[in-house]
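Below: the structure, in C-alpha cells.
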Amino acid sequence: MKCQKCEKPATFHITDLVDGKPNELHLCEECAHKFLAPSTDEANAMLPAMAGLLAQHLAVGETAEELARLDQRSCPVCGITFLEFRKQGRLGCPHDYVNFATELEPLLVNIHGETRHVGKVPKFCASGAEQQTQLIRLRREMKDAIAAEEYEQASILRDQIRGIEQAREKDKE
0 MKCQKCEKPA
10 TFHITDLVDG
20 KPNELHLCEE
30 CAHKFLAPST
40 DEANAMLPAM
50 AGLLAQHLAV
60 GETAEELARL
70 DQRSCPVCGI
80 TFLEFRKQGR
90 LGCPHDYVNF
100 ATELEPLLVN
110 IHGETRHVGK
120 VPKFCASGAE
130 QQTQLIRLRR
140 EMKDAIAAEE
150 YEQASILRDQ
160 IRGIEQAREK
170 DKE
C-alpha cells in the first residue's frame with residue numbers, strides 16, 4: 000500500500016476519529032512523523048485547546064496554581080513531567096501510571112469506563128501468568144521489607160511465596 004501523501008510505501012496506518020467516524024490514513028514514516036508531530040506553529044495553536052480538554056478531564060475545578068504545581072511533577076524513572084504528558088498525550092514509561100495515578104484515574108475512567116483491564120488475555124499468554132506476576136510483586140515487597148529491616152513482614156512474604164511456588168509445582172504434576 001502506498002502513502003496517501005507521497006508515493007513511498009505506507010508503513011503507518013493511523014485511524015483518526017472525525018465527527019465520531021473513523022478515518023484511516025496510510026502514511027510513510029516521514030509523512031506520519033509530520034502528521035503526528037505538527038510544525039511548531041500548528042502545535043502552538045493546538046496546545047491551548049488540548050490543554051483545556053485535558054484539564055477538563057483531569058482537573059475540573061483545580062486552580063491555576065495547583066495545575067502549575069502538578070505540571071512540574073516528574074517521573075523519577077524516565078523524567079517526563081506531567082506538563083509533557085499533557086502536551087504529547089503519551090507517557091514515558093510504565094512507572095508513570097503509578098507516579099501520576101491520582102491524576103490519570105479520572106482520565107482512564109472517562110475513556111475506558113474502568114481502571115483495571117477486564118478484557119481478554121492473549122492466547123499465547125503462558126498459563127499461570129497471574130501467579131508469576133504475584134510472585135514478582137511478593138519478591139519485590141520481601142526485598143523492600145528486608146532493606147527496611149522489617150524481618151517479620153519479610154518472613155510472612157517468604158511464606159506466601161513458598162505457598163504459591165508449591166501450588167505451582169502441584170499443578171505441574
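Residues 0 to 172 in numbering that gives the first Met the number 0 are what the sequence shown spells out, letter by letter.
Glycine included, every Cβ here is placed at the ideal spot set by N, Cα and C.
Nearest residue (CA-CA) to residue i, options the options
{"i": "Asn98", "options": "Cys77, Gly162 and Glu23", "result": "Cys77"}
{"i": "Gly91", "options": "Cys2, Pro75, Tyr150 and Asp143", "result": "Pro75"}
{"i": "Leu26", "options": "Glu6, Leu16, Asp18 and Val17", "result": "Glu6"}
{"i": "Arg161", "options": "Ala147, Glu172 and Gln131", "result": "Gln131"}
Rounded straight-line distance, which links the Cα of residue j to that of residue i
{"i": "Lys169", "j": "Ile163", "result": "10 Å"}
{"i": "Leu35", "j": "Gln165", "result": "50 Å"}
{"i": "Ala100", "j": "Cys30", "result": "34 Å"}
{"i": "Gln133", "j": "Arg115", "result": "16 Å"}
{"i": "Arg93", "j": "Asp18", "result": "For the record, residue 93 in the displayed sequence is Pro; it is not Arg. About 31 Å."}
{"i": "Asp95", "j": "Pro105", "result": "15 Å"}
{"i": "Val59", "j": "Lys119", "result": "Because the pLDDT of Val59 is 45, which lies under 50, any placement of that residue in the model is unreliable, and the question is left without a value."}
{"i": "Glu140", "j": "Leu107", "result": "27 Å"}
{"i": "Asn22", "j": "Cys2", "result": "15 Å"}
{"i": "Lys20", "j": "Glu102", "result": "29 Å"}
{"i": "Thr10", "j": "Glu28", "result": "6 Å"}
{"i": "Ala153", "j": "Asp143", "result": "8 Å"}
{"i": "Arg167", "j": "Val117", "result": "24 Å"}
{"i": "Leu66", "j": "Phe84", "result": "13 Å"}
{"i": "Ile135", "j": "Lys4", "result": "47 Å"}
{"i": "Leu16", "j": "Ile79", "result": "27 Å"}
{"i": "Ile145", "j": "Gln159", "result": "15 Å"}
{"i": "Leu137", "j": "Glu113", "result": "25 Å"}
{"i": "Tyr150", "j": "Lys86", "result": "45 Å"}
{"i": "Met0", "j": "Thr14", "result": "15 Å"}
Bounding residues of the alpha helix (DSSP H) (the contiguous stretch that carries residue i)
{"i": "Lys119", "result": "Here Lys119 belongs to no alpha helix (DSSP H), and DSSP marks it neither H nor E."}
{"i": "Val97", "result": "His94 to Asn98"}
{"i": "Asp143", "result": "Ala128 to Ala146"}
{"i": "Ala9", "result": "Element bounds for Ala9: n/a, residue is neither H nor E."}
{"i": "Cys30", "result": "Glu28 to Leu35"}
Assigned secondary structure, residue i (DSSP; H/G/I helix, E/B strand, else coil)
{"i": "Ile163", "result": "helix"}
{"i": "Leu90", "result": "coil"}
{"i": "Lys20", "result": "strand"}
{"i": "Glu113", "result": "coil"}
{"i": "Glu80", "result": "At residue 80 the sequence reads Thr, which differs from the Glu that was named. Looking at Thr80 - three-state DSSP - the assignment turns out to be strand."}
{"i": "Pro179", "result": "With the chain covering 0 to 172 only, the question about residue 179 has no answer from this structure."}
Proximity test, residue i beta-carbon vs the ligand PLP heavy atom, cut-off 7 Å
{"i": "Thr101", "result": "In terms of ligand content, the structure shown is empty, and the ligand PLP therefore cannot be addressed."}
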